[in-house]
Amino acid sequence: SQTIHQWPATLVQPVGSPLSLECTVEGTSNPNLYWYRQAAGRGLQLLFYSVGIGQISSEVPQNLSASRPQDRQFILSSKKLLLSDSGFYLCAGQGWQTLDTEAFFGQGTRLTVV
Amino acid sequence: AQTVTQSQPEMSVQEAETVTLSCTYDTSESNYYLFWYKQPPSRQMILVIRQEAYKQQNATENRFSVNFQKAAKSFSLKISDSQLGDTAMYFCAFMKRGGSNYKLTFGKGTLLTVNP
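Shown next, in the form of structure tokens:
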């Protein structure tokens, strides 16, 4: 089965510090990968998506960047965190080896910038 | 660009009753998928139901069914015999089928509370 490992689950970082969130995929190759942010109690905002190694599309200009150094690895980064970067970050993927197009999700990372 | 709109930020229903969550979308594509996802307090996203736009028959999964109106670009979710475990945030999502530039787009969500 297709799974995403996302870590850490919880993170508290000071303003101005760097950020690196990582997710890795198992059970499929060449997946589409996504980073979403969810504000407290609200909807999912698409931040980045990737259809292959080194291919990143940014949806919202902001203080974050994403990279995909390997087929099953997707990294969300920031050089200097802002208070407004606090939120719940979800990594998601879609595999194309079968006709199953549903997305599978990581457990999420709750980021608090202090 | 595709957009997904959920006009009901919050809804509540009594246990065992039926509730319908609304979703509309805007796209120029003719071939696509629509999804409903559930996010309980654990925050783990769970697929509830999926509809392929080229299929006229509405999808059904046990107590969950959809009313897919392609011309109206409407995709509502009906939950029958509501249970306390149905309490969650529900997201409607859209994805183009085929070609390139895939993107899974979500609505802002509807918080459903099932009351005993």
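If you're matching them up, the sequences are chains A and B in order.
If you read the first sequence in my numbering, its first letter stands for residue 5, the second for the next number, and so on.
If you read the second sequence in my numbering, its first letter stands for residue 11, the second for the next number, and so on.
No residue lacks a Cβ here, since even glycine has one placed at the ideal position from N, Cα and C.
- When C-beta atoms of the region 12-20 of chain A are compared with those of the region 29-47 of chain A, fewer than three pairs fall below 8 Å, so the two segments do not count as touching.
- Identification of chain A residues near B/Q93 by a Cβ-Cβ cut-off of 8 Å yields none; the smallest Cβ-Cβ distance measures about 22 Å.
- With respect to chain A, the C-beta atom of B/M21 has no partner C-beta closer than 8 Å.
- In this structure, DSSP gives B/D36 an extended state, which the three-state scheme calls strand.
- The DSSP-derived three-state label of B/S75 is strand.
- Within the region 55-80 of chain A, V55 place their CB atoms closer than 7 Å to a CB of chain B, listed in sequence order.
- Looking at the DSSP output, B/R53 sits in no beta bridge, so it has no partner there.
- When A/F52, A/G110, A/S71 are compared, the shortest CA-CA separation from A/E63 is found for A/F52.
- Assigned with DSSP and collapsed to three states, B/L44 falls in strand.
- No Cβ of chain A is located within less than 8 Å of the beta carbon of B/T13.
- Under the three-state reduction of DSSP output, A/S5 falls in the coil class, being neither helix nor strand.
- Using a CB distance cut-off of 8 Å, A/A96 counts as an interface residue toward chain B.
- Non-local C-beta neighbours of A/F92 in its own chain, meaning closer than 6 Å and more than five positions away in sequence, comprise Q42, G112, R114, ordered along the chain.
- Put simply, the region 13-33 of chain B does not touch the region 64-76 of chain A. Fewer than three CB pairs are less than 8 Å apart.
- At a cut-off of 8 Å between C-beta atoms, A/E106 counts as an interface residue with respect to chain B.
- Closest in alpha carbon position to B/R53, among B/A98, B/F104, B/T120, is B/A98.
- Around the Cβ of B/I59, a 10 Å sphere holds 16 or more other Cβ atoms; the residue is buried.
- Linking B/Q12 to A/S24 through their CA atoms gives a straight-line distance of about 29 Å.
- In the DSSP assignment, the residues bridged to B/T115 are B/F104.
- For A/G91, the nearest beta carbon of chain B is not closer than 8 Å to its own beta carbon.
- In terms of CA proximity to B/G119, B/Q49 leads the group B/L57, B/Q67, B/Q49.
- Separation of A/G56 and A/V117 (C-alpha to C-alpha, rounded to the nearest whole angstrom) is 30 Å.
- Interface annotation, A/G31: not in contact with chain B, CB-CB separation never under 8 Å.
- Judged by beta-carbon spacing, A/L94 lies within the 8 Å limit of A/F109, meaning their Cβ atoms are closer than that value.
- The Cβ-Cβ distance between A/Q10 and A/G97 does not fall below 8 Å.
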